[in-house]
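Notes for the one structure printed next.
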Amino acid sequence: MLHAIGSSDLIEADMHTIVIENACTKTNSDKEEAFWSEWSDCKYRMRGHKVRVRTRECHRSADCQNFQTDEC
Numbered sequence: 001m002l003h004a005i006g007s008s009d010l011i012e013a014d015m016h017t018i019v020i021e022n023a024c025t026k027t028n029s030d031k032e033e034a035f036w037s038e039w040s041d042c043k044y045r046m047r048g049h050k051v052r053v054r055t056r057e058c059h060r061s062a063d064c065q066n067f068q069t070d071e072c
């Protein structure tokens, strides 16, 4: 037996009933905002092109990009 939202959806059942609970809950929390550093000077090269770079600290977010490049 699966329940949709909460355990209040459950009803009495026999000893052969199994409850499968989905522990994945989506929260409406705001994404962590990570502030970018200032752009560096155009002193780096990537694939033969001059680039500038900037970084940021990503503490909790798995999908947070923490390094950017920009061609000069």
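Reminder that position 30 of the sequence shown reads as 30 in full-length UniProt numbering, one-by-one numbering, no gaps.
Just so you know, even glycine gets a beta-carbon here, dropped at the ideal spot from N, CA and C.
In the same chain as arginine 56, and ignoring 5 residues on each side of it, the C-beta atoms closer than 7 Å to its own belong to Ala34, Phe35, Trp36, Ser37, Asn66, in chain order.
Bridge pairing for arginine 54: Gln68 [DSSP].
Cysteine 72 and cysteine 64 have their C-alpha atoms some 24 Å from each other. By the criterion of a C-beta distance shorter than 8 Å, threonine 69 is surrounded in its chain by Tyr44, Met46, Val51, Arg52, Val53, once the five residues flanking it on both sides are discounted. Histidine 49 is bridged by DSSP to Met46.
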